[in-house]
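Residue numbers (the numbering used here): 1 to 268.
Yeah, the Cβ is synthetic: ideal placement off N, Cα and C, and Gly gets one too.
One structure is given here, and the rest of the page talks about it.
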Amino acid sequence: MSYLEIKNLEISFPTPKGKYIAVRDINLSIEKGEIISIIGHSGCGKSTIMNAIAGMNTPTGGSVELMGKTIKGPGPDRGIVFQNYSLLPWMSVYQNIYQAVDAVMDCSKKEKQEIVLQNLEMVNLMQHKDKLPGQLSGGMKQRVAIARAFAINPGVLLLDEPFGALDALTKGTMQLELLKLWNLSGRDKTIIMITHDIEEAIFLSDRIVVMNDGPAATIKEIEHVHLARPRNKIEIVKTPEYIELRDRLLHLLTDKFSIEDMGMVYKK
Ligand SMILES: Nc1ncnc2c1ncn2[C@@H]1O[C@H](COP(=O)(O)OP(=O)(O)OP(=O)(O)O)[C@@H](O)[C@H]1O
Ligand SMILES: [Mg+2]
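Shown next as structure tokens:
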């Protein structure tokens, strides 16, 4: 039995036109400490799967088990950066992180405050700590959500396009912070991340899950990343292993397009 087991997962939603099956037959066994990326076209069901691991979506078939126990709702063992950040609009940046830490950490108020400040520093938001989410840019909101998820130090980090709204430089820094956090945990923290960035997926992951398109999307392929760690972003892109894997992933994501049509026409 693996640390996290997704077994024959199906998730459907009731719609006015009837049941919409978003994903089906999802089977994935994840070991403790693994870094997994999920890639696929918009609307294929990536967030739906992640929300099931978070305990926010109830499976209509199959199950998600963490350490042998079926996930039935959210819990402090899983830290989540949602695609829409989900910050509490009436609380300041500082309070948004503090309330999460306060809810799950068993330590003194002073220690909790220190944890919040450390994480605010990490995402470079110290001078904005008293602002409300409505006063922040998209990238700043995303960084608050990252700080909040990191601050509670969960065994499983669920990251739904966590760096999507960030500029290239900030994104690079945040990727390194993520790896630092993972290394600090003795590479014991399990990270599941959704991304549209193939380079990011290869740089960070042990395995990359490629999704088919929906409705009723399934897993198309699971690719292993065999590049040794620590990985140097500038160096790995020159290696044959990287180039081959990147091309394979690109091919998996674009093979519904006709190459003759230069990817302009959708092939039925
Ligand atoms: N609550 C819901 N009710 C009805 N349909 C839903 C609901 N949530 C998601 N869906 C549908 O399920 C499908 C998958 O959505 P999901 O948000 O998981 O896609 P995604 O792969 O995360 O896309 P993106 O890359 O754009 O974030 C979509 O067709 C979406 O419309
Ligand atoms: Mg999504």
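If you check the CB distance, A22 and I39 do not come in under 7 Å. Taking A147 as reference, the option from T195, A100 and Q135 with the minimal CA-CA separation is A100.
Near ligand 2, residues with a Cβ at less than 7 Å from any of the ligand's heavy atoms are K46, S47, Q83, D160, E161 and I194; the list follows chain order. With 16 or more other Cβ atoms from the protein chains shown falling within 10 Å of its own Cβ, Q142 counts as buried. Look at N27 here: in three-state DSSP terms it is strand. A straight-line Cα-Cα distance of about 25 Å links W182 and T70. Contact between the segment 230-247 and the segment 73-87 is absent, with fewer than three C-beta pairs closer than 8 Å.
Ranking K112, V123, H196 and T218 by CA distance to the CA of L169 puts V123 first. DSSP places D160 in the uninterrupted beta strand (DSSP E) bounded by V156 to D160. Within 6 Å of the C-beta of Y85 there is not a single heavy atom belonging to ligand 1. Taking a C-beta distance under 7 Å as the contact criterion, K110 and D102 do not qualify as a contact pair. A distance below 7 Å separates the beta carbons of L9 and P59. Look at S12: its beta carbon is at least 6 Å from all of the heavy atoms in ligand 1. The beta carbons of L204 and I36 sit no closer together than 7 Å.
Cβ-Cβ distances below 7 Å link A201 to S37, I39, T195 and I208 in the same chain, with the five nearest sequence neighbours on each side left out; the list follows chain order.
Put simply, of L28, L184, G172 and K220 the residue whose alpha carbon is nearest the alpha carbon of N232 is G172.
Per DSSP, H224 lies in no alpha helix (DSSP H) segment; the continuous beta strand (DSSP E) that holds it begins and ends at I219 to H224. Look at S37: its beta carbon is at least 6 Å from all of the heavy atoms in ligand 1. Here R24 is near A216, since their CB atoms are less than 7 Å apart. According to the DSSP assignment, N84 belongs to no alpha helix (DSSP H), since it is labelled neither H nor E. Following the DSSP letters along the chain, one finds K141 inside the alpha helix (DSSP H) bounded by residues G138 to A151. Secondary structure at E111: helix, using DSSP grouped into helix, strand and coil. The alpha-carbon of E221 is positioned some 11 Å away from that of I26. Below 8 Å, enough C-beta pairs join the segment 147-156 and the segment 185-192 to call them touching: three or more. One Cα belongs to L245, the other to M91, and the distance between them is close to 43 Å. Residue state for Y3 is assigned as coil, using DSSP reduced to three classes.
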